[in-house]
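Residue numbers (our numbering): 5 to 281. Even glycine gets a Cβ: it sits at the ideal position worked out from N, Cα and C. Keep in mind it's a predicted model, so treat the numbers as computed, not measured.
And the structure:
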C-alpha cells in the first residue's frame, strides 16, 4: 500500500508539472482568431505525454484540470453568452469536453508497439474530438452571436478548422519528434535506446527530421493565417493569394536542404559505425 501511495504521489507531482507546462505553453499563441480559438506552441503535448506514460485515467484527470485553467484564462468569452444555459454549454463544449478529451491520447500505448505511431495517432484523434466539440458549440451556442445564423454548421466547420488544422499539425509533429528521441514507457523518462547506441547518427537524423518539421509548421501557419478572413475569421480559400509565398518558398527550401544534408550525414555516420563494428 505504501509503495502504491508513493507511486501515486510521484505521478500526481508529474501531472502537476506537465499541467503547469501546458498552461504556460498555451499563452504562447502563434495565431489567434478574432472570435476565439488560437494556434499555440505545443500546449497539448504535456497532457499527451501524461496520458501515454500513466494511462487514460491520469490523462483525463490532467486534461480536466487543464480545461479549468483554460476556462479561467479566457472566462471573458462567457460574457457573450445570451443566456445561463448558453454559458453552461460554452463551458462544457468549448472547455471541459474540448480539453479533457486530450487525456485520451495515450489509449494506443498497449495496442501499438511503435511509441511515435501510437502517440501521434492519439494526438490527431484527440484533436479531432476537440474540433468536433468546438464545431458543435459554434453552430449552436454561437450561431447569431459571433457567427451567422444561416449555414451555422458550415461556418463553424470552416472557422474552427482555421486554427485546429495547424494546431493539430504542430502538436503531432512535436509528439512525433519527442517520442522518437525519448523513452516514455520507462518509470523515468530516458533517452531512447537507439540514441544511446549511436548518439551522433541519431542527433543528425533528429536534426534532419526537425528541420523539415519546422518548415512544415511555419508554412502551415503562414498559409492558414492568410486564409483567415480578417472580418469573420472564417476559412476562406479565395484569400490564398494573400499568402507570402516568398517566405513559404524560402522556409521550405531551407528546411529541405537542411533535412537532406543532415540525413546524408546520418547515413554516412551509420555506415562508418557498421564498418568499425
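Going straight from the alpha carbon of residue i to that of residue j, what length do you get?
i: residue 97; j: residue 134; result: 9 Å
i: residue 62; j: residue 124; result: 18 Å
i: residue 261; j: residue 231; result: 27 Å
i: residue 138; j: residue 251; result: 31 Å
i: residue 113; j: residue 196; result: 16 Å
i: residue 271; j: residue 9; result: 47 Å
i: residue 116; j: residue 223; result: 30 Å
i: residue 64; j: residue 192; result: 21 Å
i: residue 169; j: residue 101; result: 19 Å
i: residue 265; j: residue 20; result: 40 Å
i: residue 82; j: residue 229; result: 26 Å
i: residue 246; j: residue 253; result: 14 Å
Using a Cβ-Cβ cut-off of 7 Å (strictly less than) and excluding sequence neighbours within five positions of residue i, which residues of its own chain qualify?
i: residue 75; result: 95 and 99
i: residue 263; result: 212, 215 and 216
i: residue 42; result: 33, 35, 36 and 167
i: residue 47; result: 26, 29 and 30
i: residue 60; result: 107, 108, 110 and 111
Between the Cα of residue i and the Cα atoms of the options, which residue gives the shortest distance?
i: residue 131; options: 211, 121, 144 and 176; result: 176
i: residue 34; options: 119, 118, 44 and 26; result: 44
i: residue 249; options: 272, 264, 225 and 271; result: 225
i: residue 141; options: 189, 111, 47 and 92; result: 92
i: residue 243; options: 227, 79, 189 and 255; result: 227
i: residue 109; options: 127, 8 and 10; result: 127
i: residue 106; options: 194, 71 and 247; result: 71
i: residue 189; options: 122, 255, 143 and 245; result: 122
i: residue 119; options: 184, 88 and 156; result: 184
i: residue 158; options: 171, 245 and 143; result: 143
i: residue 40; options: 14, 13 and 79; result: 79
For residue i, collect the residues of the same chain with a Cβ closer than 8 Å to its Cβ; drop the 5 residues on either side in sequence, then sort them by chain order.
i: residue 18; result: 54, 57 and 58
For residue i, which residues from the same chain have a beta carbon less than 6 Å from its beta carbon, with the 5 sequence-adjacent residues on both sides left out?
i: residue 73; result: 27
i: residue 145; result: 90, 93 and 94
i: residue 69; result: 23
i: residue 171; result: 43
i: residue 4; result: Examination of residue 4 is not possible in this model, given that the chain is present from 5 through 281 alone.
i: residue 269; result: 208
Is the beta carbon of residue i sitting closer than 8 Å to the one on residue j?
i: residue 103; j: residue 67; result: yes
i: residue 50; j: residue 22; result: yes
i: residue 173; j: residue 221; result: yes
i: residue 219; j: residue 258; result: yes
i: residue 52; j: residue 255; result: no
i: residue 194; j: residue 186; result: yes
For the stretch 15-87, list the beta strand (DSSP E) runs that are entirely contained and at least 3 residues long, ordered along the chain. Counting only runs of 3 or more, we get 33-36 and 42-44.
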